[in-house]
Each structure stands twice: as C-alpha cells, then as structure tokens.
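Numbering-wise, the UniProt record's numbering puts 87 at position 87 of the sequence shown, and it's gapless, one number per residue.
In this text, a Cβ means the ideal position worked out from N, Cα and C, and glycines have one as well.
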Amino acid sequence: MDSTRKYATVNSFAIEFAQKSIFKRDNTVFGSELNTQISGQDTDFHQTSKVLSLAQIDTIHSEALIRSQMTATLSKKLAISLDADTFNRKFISIGQRSLLNRALIEEIIYTSEVLLRNNQKLVINIDEYPLAVTTLKKKKVIIQHVYLLKDNGIELAFSDYDLNQGSAEILNTLNVFNYMKINLQKYDLNKKLNNTPDLFNRFHDKMNQVAHTNKVSFMAERVEDKINHILARSMPFDLFQGEYYSSN
1 MDSTRKYATV NSFAIEFAQK SIFKRDNTVF GSELNTQISG QDTDFHQTSK
51 VLSLAQIDTI HSEALIRSQM TATLSKKLAI SLDADTFNRK FISIGQRSLL
101 NRALIEEIIY TSEVLLRNNQ KLVINIDEYP LAVTTLKKKK VIIQHVYLLK
151 DNGIELAFSD YDLNQGSAEI LNTLNVFNYM KINLQKYDLN KKLNNTPDLF
201 NRFHDKMNQV AHTNKVSFMA ERVEDKINHI LARSMPFDLF QGEYYSSN
C-alpha cells in the first residue's frame, strides 16, 4: 500500500519521500503519512536530522508540505473521489524546533487549506525534541504556534509516545494532541509483554485511561510482521501502520 518513493535534493542532501498508508480497525484506509529520510541512511529522519542545521530541516519540511499540496491538487484533477463525510488524513512530521519558524507555520496553515479544498485533512506529527534545551521564550513561541495550528483546524499527532513513562514533554501535558503514535519496534513491546505478563494489562489500562482522559486515538506504527500485528490488535489501538500492511 506504499506509493513509489520520490527523491529531492535539498542543500546537497538527497531526500527520500515515501507515502505509507494508515489503516483503521476495519481495515479501511484512514489516511497516509509522508515519511522523510535522507537517502542512503538506514535510520529514520528523526535520527539522521541531527546532522542537519535547523535551516536545512525547515527546508525539508517545506518540501514535504509542497509535495502534499501538489498531491492534493493532482487528486482533484484526476477526479479521485473521496467520501465527503470522511476526510482522508495526511500526516506530515515536523520537528518541535521547527515550530519556532513563523513562516513554516504559515506554510502549514496554507497547506491545510489546500488539502481541505480537496476533501483531505492535514495532521502534523510532532517529533519530540526536548524543550528543556530551549529558553522559556522559545517554549512560549512553540506553544503559541501550536494553538495557532489548532485554531486553524489542523490536527496534531505526538510521535513516539512511551507507555513506560508517558511523557513529561510540555506539549503533551497541554492535551493538544488528537493522536498518540507508539513505535512497536523501538520499545520491543512484543518481547517485553511476553517476558512480563502483567505488563500487558498495565499498558492496556494506561492506553484506555489516556484515550478517555485526553480524547486521543492511539496509532501502532512500525507493525512489521504478523506477530506485531496480532499484538497491536490485542491492544486498544485505533490506527495501524507498517510493512506488514504493505505486503498483505
């Protein structure tokens, strides 16, 4: 269910873009995520972006937004119909530090407007960059920009939610997110749950509590095989993404 990978050169870095589908429990498509990776790197963009400057990262984010605008417009030209009552979500990852960039915020809002005109809804997936390293002034700017996105009807997803510790990250404590993403591979949940039987119940209860209290939907990402698929289905996840669904 993944689209053909596309490449772009940004400030001498070869950037790889790939659409990955997101599914609901009934196996219907909920939307897709535009994943970004530096070509030739095995790790995800969140890791490899550490070698880039903030300006380079912002340029890559801008390229992803432009590609989403073009895809939405092309869908309309090709008369690809979407259910008027069910918006097709388009997830794009943005690093927290990039939320300081007012010009990028305005570009996100414009992209959302383009998608809405084509019956699609933009979801900004915020990658976690610890705000502790920034000043109080920068924290306030980020929070203001997050609420500006919310005021413009843009949904937010939180990347790499940790079931073991939750998150002390300041944006998460504000209850601004619509989706919480849990990386099944990063925390090796299958192995942990098998070795600690009562851990499953604790995680299950915690997810239900957070979902009820914060009114969020949980997404299982990096569901790579059938074992992870069965695990994800046994927990209160609403959405699913990963290689397993690409090969089935």
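**Item:** Terminal residues of the alpha helix (DSSP H) in which Phe200 lies
**Value:** Along the sequence shown, read from residue 1 onward, the residue named residue 200 stands at position 200. For Phe200, the enclosing alpha helix (DSSP H) stretches over residues Pro197 to Asn214.
**Request:** Select from Met207, Asn190, Ile126 and Leu199 the residue whose C-alpha is nearest the C-alpha of Phe177.
**Result:** Here residue 177 is taken as the residue at index 177 of the sequence shown, counted from 1. Measuring from the Cα of Phe177, the nearest candidate turns out to be Ile126.
**Message:** I need the DSSP call for Met180, collapsed to helix, strand or coil.
**Reply:** The count along the sequence shown starts at 1 and reaches residue 180 at position 180. Strand.
**Item:** DSSP-derived helix/strand/coil call for Ala84
**Value:** Residue numbering aside, residue 84 sits at position 84 when the sequence shown is read from its first letter. Reliability fails at Ala84, whose pLDDT of 46 lies under 50, so the model's placement of it is uncertain and the value that follows must be treated cautiously. It is coil, neither helix nor strand.
**Request:** From the DSSP output, in three-state form, read off Asp127 for me.
**Result:** To locate residue 127, count along the sequence shown from 1; it is residue 127. For Asp127, the three-state secondary structure derived from DSSP is strand.
**Message:** Taking only three categories from DSSP, how would you classify Thr28?
**Reply:** The sequence position of residue 28 within the sequence shown is 28, counting from 1. Correct three-state label for Thr28: coil.
**Item:** Rounded straight-line distance, which links the Cα of Leu104 to that of Leu149
**Value:** Numbered from its first residue, the sequence shown carries residue 149 at position 149. Numbered from its first residue, the sequence shown carries residue 104 at position 104. C-alpha separation (whole angstroms): 11 Å.
**Asked** By a C-beta neighbour count over all protein chains shown, 10 Å radius and 16 as the cutoff for buried, is Gly95 buried or exposed?
**Response** Translated into the one-based positions of the sequence shown, residue 95 becomes position 95. Burial call: buried.
**Prompt:** Does DSSP classify Ala168 as helix, strand or coil?
**Reply:** To locate residue 168, count along the sequence shown from 1; it is residue 168. Because the pLDDT at Ala168 is just 47, under 50, the model does not fix this residue reliably, and the point stays unresolved.
**Item:** Backbone secondary structure at Thr135 - three-state DSSP
**Value:** Start at 1 with the first residue of the sequence shown, and residue 135 comes out as number 135. DSSP places Thr135 in coil when its eight states are reduced to three.
**Prompt:** What is the rounded straight-line gap between the Cα of Glu99 and the Cα of Pro197?
**Reply:** Within the sequence shown, numbered from 1, the residue matching residue 99 stands at position 99. Within the sequence shown, numbered from 1, the residue matching residue 197 stands at position 197. With the sequence shown as reference, residue 99 is identified as Leu, and Glu is not the correct amino acid for it. So the two alpha carbons sit approximately 40 Å from each other.
**Message:** Give me the residue from Asn228, Gln120, Glu155 and Ser21 with the minimum Cα distance to Leu189.
**Reply:** In the sequence shown, the residue the question calls residue 189 occupies position 189. Leu189 has its Cα closest to that of Asn228, out of Asn228, Gln120, Glu155 and Ser21.
**Request:** Identify every run of the beta strand (DSSP E) within the region 84-120, keeping only runs that are complete inside it and at least 3 residues long; order them along the chain.
**Result:** 88-95
**Asked** Asn194: buried (16+ other C-beta within 10 angstroms of its C-beta) or exposed?
**Response** Taking the first residue of the sequence shown as position 1, residue 194 is located at position 194. Asn194 comes out exposed.
**Item:** Beta-carbon proximity list for Asn183, same chain, < 6 Å, skipping 5 on both sides
**Value:** Here the question's residue 183 lines up with position 183 in the sequence shown. Cβ within range, chain order: Asp160, Glu221 and Arg222.
**Request:** Please state whether DSSP places Asn228 in a helix, a strand or coil.
**Result:** Taking the first residue of the sequence shown as position 1, residue 228 is located at position 228. Helix, per DSSP.
**Message:** Cutting at 8 Å between CB atoms, please list the residues of its own chain near Glu155, excluding the five before and the five after it.
**Reply:** Locating residue 155 in the sequence shown gives position 155, counting from the first residue. Hits under 8 Å: Arg89, Lys121, Leu122, Val123, Ile124, Asn178 and Tyr179.
**Item:** Reduced DSSP secondary structure (H/G/I, E/B, other) of Glu155
**Value:** On the sequence shown, position 155 is the one that residue 155 refers to. It is a strand residue.
**Item:** Backbone CA spacing between Ala18 and Ala55 [nearest angstrom]
**Value:** Along the sequence shown, read from residue 1 onward, the residue named residue 18 stands at position 18. Along the sequence shown, read from residue 1 onward, the residue named residue 55 stands at position 55. Ala18 and Ala55: Cα-Cα distance of roughly 22 Å.
**Prompt:** Excluding five sequence neighbours on each side, which residues of the same chain lie with their C-beta closer than 7 Å to the C-beta of Tyr147?
**Reply:** One-based indexing of the sequence shown puts residue 147 at position 147. None.
**Message:** Please identify the residue among Thr59, Asn119, Gln144 and Met219 whose C-alpha is closest to the C-alpha of Leu74.
**Reply:** Position 74 of the sequence shown, counted from the first residue, corresponds to residue 74. Per the Cα distances, Asn119.
**Message:** Checking the sheet assignment: what are the DSSP bridge partners for Glu33?
**Reply:** Here residue 33 is taken as the residue at index 33 of the sequence shown, counted from 1. Glu33 is bridged to Lys20 and Phe91.
**Asked** Does the beta-carbon of His212 have 16 or more other beta-carbons within 10 angstroms, so that it is buried, or is it exposed?
**Response** If you number the sequence shown from 1, residue 212 lands on position 212. The residue is exposed, with fewer than 16 neighbouring Cβ atoms inside 10 Å.
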